[in-house]
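Sequences listed follow chains A and B, in order.
Per the numbering used here, the very first residue in the first sequence carries number 1; after that it's consecutive.
Per the numbering used here, the very first residue in the second sequence carries number 116; after that it's consecutive.
One structure is given below, encoded as structure tokens.
2 protein chains.
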Amino acid sequence: MALLPQPSTDQLDLAAILGVLGDSTRLGIVAYLARNEGKPLSCGQFLDLGSKTNLSYHLAKLREAGVTRTEAVGTSRLITLRRDDLDRRFPGLLDSILASANLRPLGQTVPDPVS
Amino acid sequence: MALLPQPSTDQLDLAAILGVLGDSTRLGIVAYLARNEGKPLSCGQFLDLGSKTNLSYHLAKLREAGVTRTEAVGTSRLITLRRDDLDRRFPGLLDSILASANLRPLGQTVPDPVS
DNA sequence: TCAATTGTTCAATGAATTTTGAACAAAGGA
DNA sequence: TCCTTTGTTCAAAATTCATTGAACAATTGA
């Protein structure tokens, strides 16, 4: 129903986006969103990436930088990647970051957050 | 002559790289290095992006994250982009970031540092 | 109405970041 | 040997960032 405040497409700032993605928790959130593109996820889906309070903080950062869209539905927040806007503003950027993120660093496995 | 300490190619960390590029001064340095690929630049070339001391700080950050290579020659430091290593570890990432950085944000011009 | 679910906000804390000027060091040229 | 050029290191200060627990708010279901 209610879309939480977010920057418009032409307000998207590269340094701000890179900065917000320069954090392993937030990178994990974005990678998970990308693996589930189409289905909006609620905050609770990310609970193994941080505490409830901490996720609220990181998810707000992502939304304020324009990486994610957050819609309030009931007591839930439905979160999606702003792929269209990001692709329009910075073509190819998101995909190359996601591709890099999926290269398992040093043979480690990236576990999926709770489903 | 002497190559300053830097992470090896497989030590390159995506979050660390994005984090270090999430700063407009450092992004400006990297964009300028890319526009001059081939010719190593010394710190002084970047003087309009910050003070001498401040640049020393930012250039160290870039080197420690593995984005740049720094070679000490005399009293100078010759700085280059680690394009080969970055491309090998994260194919396409650097180019998409550079392409995004070259989209003038909001019609602004990016002035070249002093030559 | 009551209780549970889902998240946010707040204050506090500790850590990391950015910036500055002063002092320093190393190399090169006059 | 001096002086200049090129950068680094250090300490200090200001700011921002990440994390936590407690309290709160809103919605939903029994």
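Where a beta carbon is used, it is the ideal one built from N, C-alpha and C, also for glycine.
Give a yes or no on whether 9 Å exceeds the smallest Cβ distance from Cys43 of chain A to chain B. no
Residues, ordered as in the chain, of the region 46-66 of chain A that lie near chain B by beta-carbon distance below 7 Å: none
Whose CA, out of B:Tyr172, B:Thr140, B:Thr183, lies closest to the CA of Gly153 of chain B? B:Thr183
Exposure of Lys61 of chain A, with buried meaning 16 or more beta-carbon neighbours within 10 Å: buried
Identify the contact partners of Ser139 of chain B in chain A, using a Cβ-Cβ distance below 8 Å as the criterion. Ala15
Contact the region 145-165 of chain B vs the region 17-28 of chain A: 3+ CB pairs below 8 Å: no
Per DSSP, which one or two residues make a beta bridge with Ile79 of chain A? A:Leu41, A:Thr70
Give me the residue from B:Gln126, B:Ala117, B:Leu118 with the minimum Cα distance to Gly181 of chain B. B:Gln126
Select from B:Ala131, B:Gly159, B:Pro155, B:Ser215 the residue whose C-alpha is nearest the C-alpha of Asp87 of chain A. B:Ser215
With 9 Å as the C-beta to C-beta threshold (strictly closer), list the residues of the region 68-100 of chain A near chain B in chain order. Arg89, Phe90, Pro91, Gly92, Leu93, Leu94, Asp95, Ser96, Ile97, Ala99, Ser100
Residue-level contact to chain A via CB, Pro120 of chain B, 9 Å cutoff: no
Determine the direct distance from the alpha carbon of Thr9 of chain A to that of Leu81 of chain A, and round the result to whole angstroms. 13 Å
Best match in A:Arg35, A:Asp95, A:Ser56 for proximity to Gly44 of chain A [C-alpha to C-alpha]: A:Ser56
Supposed close pair Arg178 of chain B, Thr185 of chain B - CB separation, criterion 8 Å: 5 Å
For Leu59 of chain A, does the three-state DSSP call read helix, strand or coil? helix
What are the partner residues of Ala214 of chain B, as DSSP defines its beta bridges? Answer by DSSP bridge pairing: none, since Ala214 of chain B is not bridged.
Report the residues of the region 140-152 of chain B with a CB closer than 7 Å to any CB of chain A, ordered along the chain. Leu142
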